[in-house]
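Peer 1:
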Amino acid sequence: MNYIVPQSELKIVGTRPVRPDGVDKVTGRATFGADMTLPGMIWGKVKRSPHAHARIVSIDASKALALPGVKAVVTAADFPEIANEEAFVGEGPMNFRDLSRNCMARDKALYEGHAVAAVAATSQAIADEAIELIDVRYEVLPHVIDVEAAMAPGAPVLHEDMFTTGVEPKPAKPSNIAKRVSFTKGDVAAGFAEADVIVEGRYTTQPVHQAYIEPHACVAAVSADGQAQIYSSTQGQFMVRAYSAKVLGWEIANLRSYPMEIGGGFGGKTVVYLEPLALLLAQKSGRPVKMMMTREDVFRASGPTSGAVIEVKIGAKRDGAIVAAREVLKYQAGAFAGSPIGPGCMCGLALYDLPNVEVIGYDVVSNRPKVAAYRAPGAPITSFAIESALDELACKLNIDPLALREMNGARDGTKTHYGVTHKDIGFLSVLEAARSHPHYKAPLQPGQGRGIACGFWFNIGGESSGAVHVNEDGSVSVVSGNPDIGGSRASMAMMAAEVLGVPMDQVRPIVGDTASIGFSFLTGGSRVTFATGMAVTQAAEKVVDQLKTRAAQIWDIPVDAVEWKDGKAWPAGLNAGAFEPLSVAQIALKAGRTGGPIGSEVSLNAQGAGAGFGCHICDVEVDKETGHVKILRYTAIQDVGKAIHPAYVEGQIQGGAAQGIGWALNEEYIYDKNGKLENAGFLDYRVPVASDLPLIEAVMVEVPNPRHPFGVRGVGEVPIVPPMAAVANAVRSATGLRMEHLPISPPKLRAAVDAEAKAG
Amino acid sequence: MSKHHVTTTINGEAVEFLCETQETLLDVLRNTLNLTGSKEGCASGDCGACTVIMDGKMVCSCLVLGVEAEGSSVTTVEGIADGETLHPVQRKFLEHAALQCGFCTPGFIVATKALLDANPNPTEEEARYWLAGNLCRCTGYDKIIRAVMDAAAEMRGEARAA
Ligand code: FES
Ligand code: FES
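So the sequences go chain by chain: A and B.
Read in our numbering, the first sequence has 403 at position 403, and its numbers run on one by one without any break.
So our numbering is basically just the index in the second sequence, starting at one, shifted up by 1000.
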């Protein structure tokens, strides 16, 4: 069924109720990964490599094992060797050999912070002491941090078996370039020949961390017969189960994975780090084991997103019509292959209708922590370059930057350079909303500037399960297979309540563990409200069918003579008015006599996710003396499909924008010459705080996605795509300086001001 | 090494505990007293997830030693509501959807209460600077600030009515 109707016809969807899990979260009762304890529990800690690149010559744990209170030590020797095979999971490829070696270094430590051993002991203090007593001998190897240095001939090679894929013929020598990807459309050379104006630029971005406030944490327990439980803070309990089973060589059915509340993920909790270690320590020690990362561990050993170098060339006619675009992207993958180079190659130019395009991308390893997904993985990096270049183009042509995007913007039927044709997209509506927003016309003072930038993300669907059960008293339970990071329990309950026609507080949503609900791919890709929401909606519809059938039985009339309205069964047609309507509670009361429990679980593979587009408007004031950029006003406009709970949709947009502002202005990984991270803490890796930001206005444009019952599109990822260029373009407008390198931190801006003064 | 015996008041109740010298108040709250509402985001005083009120002052409990709690009075997030009745700050956080993952929320609730105890009528800028030691990575602070300002307004209103 389809509920894409005017808001006035919806009772619950589109309103802003208090979220069902809210009270526990404001009173401190909500149980996150690190809050879990089990009887007899002991503590696990990780020993990490102090070197950026080193061969592990030997590991001697005898002294640690002799320390009273130490119950187990594990190293790579305790894990099975995993074959080099690639599986595709959700947003990107996954190589389980690499995953295993990232959880626990084998043969070589590939970055500072790489796990080389783990211990379990009866107290945290003893575990810390034991870590010091493990004697690891290293042969330190030359290392490489920078992406272009890693690509250069003669660079230290991380993996002797890495031969660049995607080039013909196959290279004779191993290198740090894992793969080359390319996309072409039309003929770029011919396109550039036609251009009246060409802009070129070389842009760089730094790796930034998702910086969820909750460090990774889990508790594992294994019984003597091999049945195991893992409680963890994760974006996917099924992911934890599958990945841990794979890394340990265990059977999936023996592992039950419980999703705890999760304190932010943004893509960074879509993999495992501690879970396989905790499970193995629990098995070896015979005791439940709790493991938590410190904040330093989080920075050094869990995935940031790539830093990159991007070269862009765009050609246009004098009227602004773009005739050709060429982009070369070099993305850092960290120590193992797998940067988001694919989406990087696709997303930047996906917003525009371009006749001639060539995009080339490289996935490059170096001695840094392996990257993990971060909100719209790959897209913000490419869009920083493309949207900055478009701003340059608009300046050169003396065209309004919004007009340039309106003229070239993708619409239904636009074929992208990666072969997909856009359908039911709302980009032009977003641009229209930006143009008519008062912010776009508001006057600026001297020293202030305004920038705009746009962003795109595919959004995904995928495998999801949802269940709806009517309880004996007529209350309703909704079970989903996806951890709730930003209010998805609320949206699940709202969709179910809307379909059932009952009040929201009659519906209690929970997140099930891996044995309580069918398989669901993890919370990521902006997929949950779309895909899991589709499963829950269908399950609720099946429940309505059952309720109608039961009412028909109670009244002894044909089921097609029963209508469901306002949460009640009504006799319809010839029988209209013949019986009093029956509520869910009244039908539930008689469930035992009409066929048993009422409920339904739906598992599906949701197709037809609707792509999302955003346009951000940013005003800044630049202090040329100090190099400080102050964000004065920020408006983020986005096509959200249909906002189920508008407050949480706005929250996604505001939060993504704030992260993007941090990426633009402050955040970066800083290494010393030995390849050691110098700023592994919140003091020196500075994420935006409340006093850095203004209110962020989120403008929701609702262009429904016809392939979802309520018109939902994913919303969580698009908002982090535009900010870097929006800020850089605003700085350009305020100062005339084109900042091509992120972050636009005070020293960089000062240097640009000085360079200009010298040149001028 | 023998443990220290500490007598203190937490959320209005007399509490005794034993702790090692190096254990922080946050460790004691979470691991010894099972008050896991206070969170550890950094253990270095940089995120505010562990914020508690100690003798009327807002502190990061990860920077306070357990032994320092001797003879003091500590309020944690578990002590902000009055039984079943939420504190206006908690209610406004819910009404304004001022949390997504909720991990930073206990720290913000405690810090906001401390703010409004000290300054019932803060400007938006004052609120932003007071809360600058509390990191939230999910919300961009917009809805948090709105909730804080609304809670302040409501509490002032109640005070006038009383
Ligand atoms: S845990 Fe205390 S400030 Fe972060
Ligand atoms: S709500 Fe997640 S960190 Fe604030």
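Just so you know, even glycine gets a beta-carbon here, dropped at the ideal spot from N, CA and C.
Only a predicted model underlies this, so the values are computations on that prediction, with no experimental measurement involved.
What is the DSSP secondary structure of I517(A), reduced to helix, strand or coil?
Peer 2: Stepping through the first sequence from its first residue, residue 517(A) is reached at position 517. Coil at I517(A), not helix or strand.
Peer 1: Per the DSSP calculation, F32(A) is bridged to which residue(s)?
Peer 2: The residue given as residue 32(A) occupies position 32 in the first sequence. Bridge partners of F32(A): E261(A).
Peer 1: Out of W1130(B), A1111(B) and V1148(B), point me to the one whose CA is closest to S1038(B)'s CA.
Peer 2: Looking up residue 1038(B) in the second sequence gives position 38. Among W1130(B), A1111(B) and V1148(B), the Cα nearest to that of S1038(B) belongs to A1111(B).
Peer 1: Shorter than 7 Å, the distance from the beta carbon of L1099(B) to the closest heavy atom of ligand 2, or not?
Peer 2: As a working note, residue 1099(B) is residue 99 in the second sequence. Because some heavy atom of ligand 2 lies under 7 Å away, the Cβ of L1099(B) counts as near it: yes.
Peer 1: Going along the chain, which residues of its own chain have a beta-carbon closer than 6 Å to the beta-carbon of K676(A), five neighbours each way excluded?
Peer 2: The residue you call residue 676(A) lines up with position 676 of the first sequence. Answer for K676(A): E112, listed in chain order.
Peer 1: Quick check: the Cα distance between A551(A) and S600(A), rounded to an integer number of angstroms?
Peer 2: Locating residue 551(A) in the first sequence gives position 551, counting from the first residue. Locating residue 600(A) in the first sequence gives position 600, counting from the first residue. Looking at the two C-alpha atoms, the distance is approximately 17 Å.
Peer 1: Helix, strand or coil for W43(A)? Go by DSSP, reduced to three states.
Peer 2: Numbered from its first residue, the first sequence carries residue 43(A) at position 43. Here W43(A) carries a strand assignment [DSSP, helix/strand/coil].
Peer 1: Report the option in A217(A), L248(A) and M292(A) whose CA atom is closest to the CA atom of P259(A).
Peer 2: Within the first sequence, numbered from 1, the residue matching residue 259(A) stands at position 259. Measuring from the Cα of P259(A), the nearest candidate turns out to be A217(A).
Peer 1: Which first and last residues belong to the alpha helix (DSSP H) in which M504(A) is found?
Peer 2: Counting from one through the first sequence, the residue named residue 504(A) turns up at place 504. No alpha helix (DSSP H) holds M504(A); DSSP gives it neither H nor E.
Peer 1: Taking F79(A) as the reference, give the member of F384(A), R738(A), W250(A) and K542(A) with the closest Cα.
Peer 2: Position 79 of the first sequence holds residue 79(A). Out of F384(A), R738(A), W250(A) and K542(A), W250(A) has the C-alpha closest to the C-alpha of F79(A).
Peer 1: Counting only beta-carbon separations shorter than 8 Å, does V18(A) have a partner in chain B?
Peer 2: Against the first sequence, residue 18(A) aligns to sequence position 18. Yes, its Cβ sits closer than 8 Å to a Cβ of chain B.
Peer 1: Which partner residues does D619(A) have in the DSSP bridge list?
Peer 2: Counting from 1 along the first sequence, the entry for residue 619(A) is found at position 619. R450(A) and R633(A), per the DSSP bridge assignment.
Peer 1: Is R295(A) close to chain B? Criterion is C-beta to C-beta, closer than 8 Å.
Peer 2: Mapped onto the first sequence, residue 295(A) falls at position 295. Cβ-Cβ to chain B under 8 Å: yes for R295(A).
Peer 1: In this structure, what does DSSP give as the bridge partners for D1082(B)?
Peer 2: As a first step, residue 1082(B) must be located in the second sequence, where it is residue number 82. BP columns for D1082(B) point to T1085(B).
Peer 1: I'd like to know whether the C-beta of R1160(B) is nearer than 8 Å to at least one C-beta of chain A.
Peer 2: Here residue 1160(B) refers to the residue found at position 160 when the second sequence is read from its first residue. Because the pLDDT of R1160(B) is 43, which lies under 50, any placement of that residue in the model is unreliable, and the number read from its coordinates should be weighed accordingly. Judged by the 8 Å Cβ criterion, R1160(B) is not in contact with chain A.
Peer 1: Counting pairs of beta carbons, one from the segment 1039-1051 of chain B and one from the segment 1102-1120 of chain B, are three or more of them closer than 8 Å?
Peer 2: Output reads yes: the segment 1102-1120 of chain B touches the segment 1039-1051 of chain B.
Peer 1: Taking V687(A) as the query, report the chain B residues whose CB atoms sit under 7 Å from its CB, ordered along the chain.
Peer 2: Taking the first sequence and counting its residues from 1, the one referred to as residue 687(A) is at position 687. The contacting residues are L1135 and R1137.
Peer 1: Helix, strand or coil for V70(A)? Go by DSSP, reduced to three states.
Peer 2: Your numbering for residue 70(A) matches position 70 in the first sequence. Looking at V70(A) - three-state DSSP - the assignment turns out to be strand.
Peer 1: For ligand 2, any of its heavy atoms closer than 7 Å to the Cβ of F1103(B)?
Peer 2: Position 103 of the second sequence, counted from the first residue, corresponds to residue 1103(B). F1103(B): yes, Cβ under 7 Å from ligand 2.
Peer 1: I'd like the ranges of any alpha helix (DSSP H) spanning at least 4 consecutive residues and lying wholly in the segment 114-190 of chain A.
Peer 2: 124-133 and 147-151
Peer 1: Examine ligand 4 and report whether any of its heavy atoms sits within less than 7 Å of the Cβ of D505(A).
Peer 2: In terms of ligand content, the structure shown lacks ligand 4 and carries ligand 1 and ligand 2 instead.
Peer 1: Below 7 Å, is the gap between the Cβ of I1109(B) and the nearest heavy atom of ligand 2?
Peer 2: On the second sequence, residue 1109(B) is found 109 positions in, with the first residue counted as 1. Every heavy atom of ligand 2 is 7 Å or more from the Cβ of I1109(B), so no.
Peer 1: Report yes or no: do three or more beta-carbon pairs, one from the segment 696-715 of chain A and one from the segment 1053-1070 of chain B, lie closer than 8 Å?
Peer 2: The segment 696-715 of chain A is not in contact with the segment 1053-1070 of chain B.
Peer 1: Note down the Cα distance separating A1159(B) from A1097(B), rounded to an integer number of angstroms.
Peer 2: Translated into positions along the second sequence, residue 1159(B) becomes position 159. Translated into positions along the second sequence, residue 1097(B) becomes position 97. Legend: pLDDT at A1159(B) = 48, less than 50; position of this residue unreliable, value from coordinates given subsequently. Rounded to whole angstroms, A1159(B) to A1097(B) spans 25 Å at the Cα level.
Peer 1: In the structure shown, what three-state DSSP assignment does G656(A) receive?
Peer 2: As a working mapping, residue 656(A) is identified with position 656 in the first sequence. Three-state result, G656(A): helix.
Peer 1: Is T1036(B) close to chain A? Criterion is C-beta to C-beta, closer than 8 Å.
Peer 2: Mapped onto the second sequence, residue 1036(B) falls at position 36. Taking Cβ atoms only, chain A reaches closer than 8 Å to T1036(B), which makes this a yes.
Peer 1: Helix, strand or coil for W570(A) per DSSP?
Peer 2: Here residue 570(A) is taken as the residue at index 570 of the first sequence, counted from 1. Looking at W570(A) - three-state DSSP - the assignment turns out to be strand.
Peer 1: Would you identify the three-state DSSP class for H1004(B), choosing helix, strand or coil?
Peer 2: Looking up residue 1004(B) in the second sequence gives position 4. The answer is strand: DSSP assigns H1004(B) an E or B state.
Peer 1: Would S1002(B) count as contacting chain A if we go by Cβ distances under 8 Å?
Peer 2: Reading the second sequence from its first residue, position 2 is the one you call residue 1002(B). Using a Cβ-Cβ cut-off of 8 Å, S1002(B) does not count as an interface residue toward chain A, since no Cβ of chain A sits closer than that to its own.
Peer 1: Would you say G612(A) and N482(A) are within 8 Å of each other, going by their C-beta atoms?
Peer 2: What you label residue 612(A) is simply residue 612 of the first sequence in a count that begins at 1. What you label residue 482(A) is simply residue 482 of the first sequence in a count that begins at 1. Not closer than 8 Å, so no.
Peer 1: Nearest-angstrom Cα distance between D581(A) and G656(A)?
Peer 2: Counting from one through the first sequence, the residue named residue 581(A) turns up at place 581. Counting from one through the first sequence, the residue named residue 656(A) turns up at place 656. Contrary to the premise, residue 581(A) reads as Pro rather than Asp in this sequence. Taking the straight line from one Cα to the other gives about 47 Å.
Peer 1: Could you spell out the range, first to last residue, of the alpha helix (DSSP H) harbouring I399(A)?
Peer 2: Along the first sequence, read from residue 1 onward, the residue named residue 399(A) stands at position 399. No alpha helix (DSSP H) contains I399(A), which DSSP labels as neither H nor E.
Peer 1: Which one or two residues does DSSP pair with P304(A) in a beta bridge?
Peer 2: Along the first sequence, one-based indexing puts residue 304(A) at 304. DSSP output for P304(A) lists H209(A) as bridge partner(s).
Peer 1: Restricting to Cα atoms, I'd like to know which of V74(A), P174(A), F96(A) and G236(A) is closest to G33(A).
Peer 2: Sequence index remark: in the first sequence, residue 33(A) carries index 33 (1-based). Ranking V74(A), P174(A), F96(A) and G236(A) by Cα distance to G33(A) puts G236(A) first.
Peer 1: In chain B, which residues lie with their C-beta within 8 Å of the C-beta of F530(A)?
Peer 2: Stepping through the first sequence from its first residue, residue 530(A) is reached at position 530. In chain order: nothing, as chain B lies at least about 18 Å away.
Peer 1: Look at the Cβ atom of V119(A), then the Cβ atom of A109(A), and state whether they are nearer than 8 Å.
Peer 2: The sequence position of residue 119(A) within the first sequence is 119, counting from 1. The sequence position of residue 109(A) within the first sequence is 109, counting from 1. Contact: no.
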